[in-house]
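To keep things clear, I will list the structure first and then write my remarks on it.
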Amino acid sequence: MFRKLLHLVRMTSRAPPRSDLVKLRRCQLELAARAVRQDALGEVRRIAGVDVSSSRFDPARMVHAAVVVLAWPSLEPVARAAVSLPAPMPYITGLLAFREVPAIEAALAQLPEPPDLLMVDGQGIAHPRRCGIATHLGVVTDLPSIGVAKSRLVGQPASPLGEAPGAMVEVSDRGEVVGALLRSRARANPLHISLGHRVSLDTALHWVRATLRGRRLPEPTRAAHEWAGQARRAAMAPPSDAQ
DNA sequence: GCGACAG
DNA sequence: ATCTTGTCGC
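According to my numbering, the first sequence is numbered sequentially starting from -19.
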């Protein structure tokens, strides 16, 4: 359904007309209504990190989506995929998913089997319409998903976040708990964790903490970021003269 | 009108 | 998001 909306703006990759933005926001309300905010996931053996890379210097305006699947508990990569597509539209605050999800879905489709859990670079329900990219992706794929963002979109912490590693505080927006801040590492800016789909906030925090390895970003996110960057540089590299 | 604003 | 190596500090 949202795929038809994308078609409206696909021809340009420039800013969609205002009337289309209204439709995209309505679409988010429908997706958000389908998001499951409780645990509805099986045994977690394969965790997928998801990320997208792009460059403002790219005249083709491509988005490069990468998925890296890590085995639990070894956290060793067992599968990876990357897909590059023309950006359907520019980045617009609150509408990130419409820019990035199509390429991510294509990358997920290349995996030999679907992962048990998605860690997405961005917000879940911590979004003005409770439909950040983690929720959007989770609902359209019906896979359990967690939002791991590096900065804030909406919401306020219940109290100042402690300095100690592991410190956590809930974040609320318009009277609703939508996520949490997590001090994943000492002296580092906190992670913004929110549930995406079929995962509770507690379970989301559990899996983020379980995959940190003492660093700021969880391993699935780190690996996907690295892979997406490699995919972009490979696609943008000058033509090789290897014969 | 002003300020905020994932990637 | 991206441009980018070394460097300072726990």
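Where a beta carbon is used, it is the ideal one built from N, C-alpha and C, also for glycine.
Neighbour-count burial assignment, residue i, 16 or more Cβ in a 10 Å radius
i	result
Thr(-8)	Confidence at Thr(-8) is low in this model, with a pLDDT of 46, below 50, so the placement of that residue should be treated as unreliable; the coordinate-derived value is given next. Label assigned to Thr(-8): exposed.
Trp207	buried
Val43	buried
Gln90	exposed
Ala77	buried
Ala129	buried
Ala217	exposed
Ser64	buried
In DSSP terms, what residue i is bridged to
i	result
Leu175	Ile126
Ile113	BP columns for Ile113 are empty, so no partner.
His44	Ser33, Ser64
Glu150	Ala160
Ile27	Leu50, Leu97
C-beta atoms of residue i and residue j nearer than 7 Å
i	j	result
Val134	Ala114	no
Val151	Val158	yes
Ala15	Val119	yes
Leu171	Ser164	yes
Ile126	Ala87	no
Leu1	Arg178	no
Gly74	Val48	no
Leu50	Pro198	no
Pro70	Ala138	no
Gln18	Arg109	no
Leu11	Cys111	yes
Ala67	Arg41	yes
Ala160	Ile173	yes
Leu117	Val81	yes
Cutoff 6 Å; reference residue i; Cβ partners in own chain excluding five residues on either side
i	result
Met24	Here residue 24 is Val; the residue named in the question, Met, does not match the sequence. Taken in chain order, the residues that qualify are Trp52, Asp96, Leu97.
Ala46	Asp31, Ala62, Ala204, Trp207, Ala208, Ala211
Gly104	Gly112, Ala114, Thr115, Gly127, Ser174, Leu175, Gly176
Ala222	Because Ala222 carries a pLDDT of 46, less than 50, the predicted location of this residue cannot be relied on, and no value is offered for it.
Close beta carbons around residue i, own chain, < 8 Å, minus the five adjacent residues each side
i	result
Pro92	Ala59
Closest residue to residue i among the options (Cα-Cα distance)
i	options	result
Arg79	Pro39, Pro108, Asp122, Ser34	Ser34
Ala144	Asn169, Gly155, Leu181	Asn169
Arg132	Gly102, Pro57, Arg167, Leu123	Gly102
Ser54	Pro140, Leu192, Val81	Leu192
Arg154	Ala166, Gln136, Pro140, Leu141	Gln136
Own chain residues within Cβ distance below 7 Å of residue i, not counting five before or after
i	result
Gly146	Arg163
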